[in-house]
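Asks: Below is the structure I would like to discuss, written out as structure tokens.
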């Protein structure tokens, strides 16, 4: 497809994380094709820019642009650490490059650091080596995915261990201007306007935090932050979707589940045939990995447990 020179110039200034750069050009061409045109114009490129800015939001767009100028935007060094020499790998979603709010990056960091420490403390690499019955290859690596929101643009459900950051929204009693931005932006249809105020259907809500970003009056805000934990996913010869161990927990709970999972794998009987982690989860079931005393979002935690574990701070 042909491109106008001005369109090419605009493309170079569209702020997206590096891993998503390949989609920008195709999105501009998509817009031209949908208009029945064979050349990408500046108008198509500007529409593409606005589309990504609207998707990511002002804060994220600013961070990515500053990165492009070579500025230090304060992304954690831990996001870019390599686990060389280990048989475990921690993958992060595009939030690694600033493609989410600071709040979500803080949540990811809060589990990333202790998880990496726990993997080394439990000697996860040695556990994988002990269980291997074939030459070591990439499929032996114990894979963890930490995802900044339930959109799961990099699916945690095909990983051995997946963590999804969740934000539970709540509503102030006053201040709504009836702009309906929250209603139209919620792809789950979880928000309605009733009696001059937003009402959230938590049966539909996936706890992504998107409505808070759209509410310019700050009527919708995050009341609690937590994590969903899934285990036992694989995209190998016999693909499996990871199963949910915890629908809602804190950073301490995530690390505790990881320890239970790796301890169970370490203690699982060795057979002549190699038993990968996901196969162990399938045989044992996820109930053995659950934590006792878990609570759902929106229910009160005891003062003692909240103080001990600093829940949702």
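Residue numbers (this note's numbering): 6 to 318.
Glycine included, each C-beta is placed from N, C-alpha and C at the ideal position.
1. Do residue 164 and residue 214 have their C-beta atoms closer together than 8 angstroms?
2. Using the three-state DSSP reduction, which class does residue 207 fall into: helix, strand or coil?
3. Determine the direct distance from the alpha carbon of residue 34 to that of residue 57, and round the result to whole angstroms.
4. Would you check if there are 3 or more beta carbon pairs closer than 8 angstroms linking the stretch 271-282 to the stretch 130-137?
5. What does the alpha-carbon distance come out to for the pair residue 77 and residue 85?
6. Starting from the C-beta of residue 83, find all residues in its chain whose C-beta is less than 8 angstroms away, skip the five residues before and the five after it, and write them out in chain order.
7. Note down, in chain order, each residue of its chain lying with its Cβ closer than 7 angstroms to the Cβ of residue 188, except the 5 sequence neighbours on either side.
8. At a threshold of 7 angstroms, does residue 135 count as lining the ligand ZN (C-beta to nearest heavy atom)?
9. So the alpha helix (DSSP H) residue 56 belongs to, where does it begin and stop?
10. Report, in whole angstroms, the separation of the C-beta atoms of residue 193 and residue 209, which I expect to be a contact under 8 angstroms.
11. For residue 166, write down the residues that DSSP places opposite it in a beta bridge.
12. Let's test the definition: count the other Cβ atoms within 10 Å of the Cβ of residue 141 and tell me whether it reaches 16, buried, or not, exposed.
13. Between residue 37 and residue 29, how many whole angstroms is the CB-CB distance? I'm expecting something under 8 angstroms.
14. Exposed or buried, residue 203, counting other C-beta atoms within 10 Å across all chains shown (16 or more means buried)?
15. Could you pull the start and end residues of the alpha helix (DSSP H) that residue 282 belongs to?
16. Where does residue 100 land, buried or exposed, given buried means 16+ other C-beta within 10 angstroms?
17. Please report the residue range of the beta strand (DSSP E) in which residue 32 lies.
18. Using CA coordinates, which residue listed in 289, 15, 266, 200 is at the minimum distance from residue 123?
19. For the alpha helix (DSSP H) that residue 222 lies in, which residues bound it at each end?
20. Take residue 158 as the anchor and find which of 104, 205, 144 has the nearest alpha-carbon.
21. What do you get for residue 191, buried or exposed, if any count of 16 or more other CB atoms within 10 angstroms of its CB means buried?
22. Out of 249, 275, 256, which one is the CA nearest neighbour of residue 294?
23. Taking all protein chains shown into account, decide if residue 274 is buried (16 or more other Cβ within 10 angstroms of its Cβ) or exposed.
24. Closer than 8 angstroms, CB to CB, is residue 95 near chain C or not?
25. Between residue 109 and residue 167, which are expected to be in contact by the criterion C-beta below 8 angstroms, what is the C-beta distance as a whole number of angstroms?
26. Which residues does DSSP pair with residue 95 in a beta bridge?
27. Starting from residue 197 and walking both ways along the beta strand (DSSP E), at which residues does that stretch end?
Replies: The short version:
1. Sequence index remark: in the chain shown, residue 164 carries index 159 (1-based). Sequence index remark: in the chain shown, residue 214 carries index 209 (1-based). Result no, Cβ atoms of residue 164 and residue 214 do not sit closer than 8 angstroms.
2. Counting from 1 along the chain shown, the entry for residue 207 is found at position 202. Residue 207: coil per DSSP, three-state reduction.
3. Translated into positions along the chain shown, residue 57 becomes position 52. Translated into positions along the chain shown, residue 34 becomes position 29. Their Cα atoms are separated by approximately 14 angstroms.
4. yes
5. Your numbering for residue 77 matches position 72 in the chain shown. Your numbering for residue 85 matches position 80 in the chain shown. Roughly 14 angstroms between the two C-alpha positions.
6. Working through the chain shown from its first residue, we reach residue 83 at position 78. Excluding sequence neighbours, residue 83 sits near 114, 117, 118, 121.
7. Here the question's residue 188 lines up with position 183 in the chain shown. 196, 197, 198.
8. The ligand content of the structure shown is nil, which means the ligand ZN is not present either.
9. For this step, residue 56 is matched to residue 51 along the chain shown. Where residue 56 is concerned, the enclosing alpha helix (DSSP H) stretches over 47-61.
10. Here residue 193 is taken as the residue at index 188 of the chain shown, counted from 1. Here residue 209 is taken as the residue at index 204 of the chain shown, counted from 1. Confirmed, about 5 angstroms.
11. For the purposes of this step, residue 166 is taken as residue 161 along the chain shown, with counting starting at 1. Residue pairing by DSSP puts residue 166 in a beta bridge opposite 149, 236.
12. Numbered from its first residue, the chain shown carries residue 141 at position 136. So residue 141 counts as exposed.
13. Here residue 37 refers to the residue found at position 32 of the chain shown. Here residue 29 refers to the residue found at position 24 of the chain shown. With a Cβ gap of about 13 angstroms, residue 37 and residue 29 do not count as contacting.
14. If you number the chain shown from 1, residue 203 lands on position 198. Under the 10 Å beta carbon count, residue 203 is surrounded by 16 or more other beta carbons and is classified as buried.
15. Walking along the chain shown from the start, residue 282 turns up at place 277. Here the alpha helix (DSSP H) through residue 282 covers 282-289.
16. Counting from one through the chain shown, the residue named residue 100 turns up at place 95. Buried, since its Cβ has 16 or more Cβ neighbours within 10 Å.
17. Taking the chain shown and counting its residues from 1, the one referred to as residue 32 is at position 27. Element bounds for residue 32: not the beta strand (DSSP E) but the alpha helix (DSSP H), 26-39.
18. If you number the chain shown from 1, residue 123 lands on position 118. Checking every option, the nearest Cα to that of residue 123 belongs to 266.
19. Counting from 1 along the chain shown, the entry for residue 222 is found at position 217. Element bounds for residue 222: n/a, residue is neither H nor E.
20. If you number the chain shown from 1, residue 158 lands on position 153. Here the closest residue by C-alpha is 104.
21. What you label residue 191 is simply residue 186 of the chain shown in a count that begins at 1. Buried, by the Cβ-count rule.
22. Reading the chain shown from its first residue, position 289 is the one you call residue 294. Nearest of 249, 275, 256 to residue 294, Cα basis: 249.
23. Here residue 274 corresponds to residue number 269 of the chain shown, with the count starting at 1. Answer is exposed; the Cβ neighbour count stays below 16.
24. The structure shown contains no chain C; it holds only a single protein chain.
25. By one-based count along the chain shown, residue 109 stands at place 104. By one-based count along the chain shown, residue 167 stands at place 162. Wrong, their Cβ atoms sit about 16 angstroms apart, outside the cutoff.
26. Along the chain shown, one-based indexing puts residue 95 at 90. BP columns for residue 95 point to 149.
27. For the purposes of this step, residue 197 is identified with residue 192 of the chain shown, where counting begins at 1. 196-199 is the span of the beta strand (DSSP E), which, as asked, contains residue 197.
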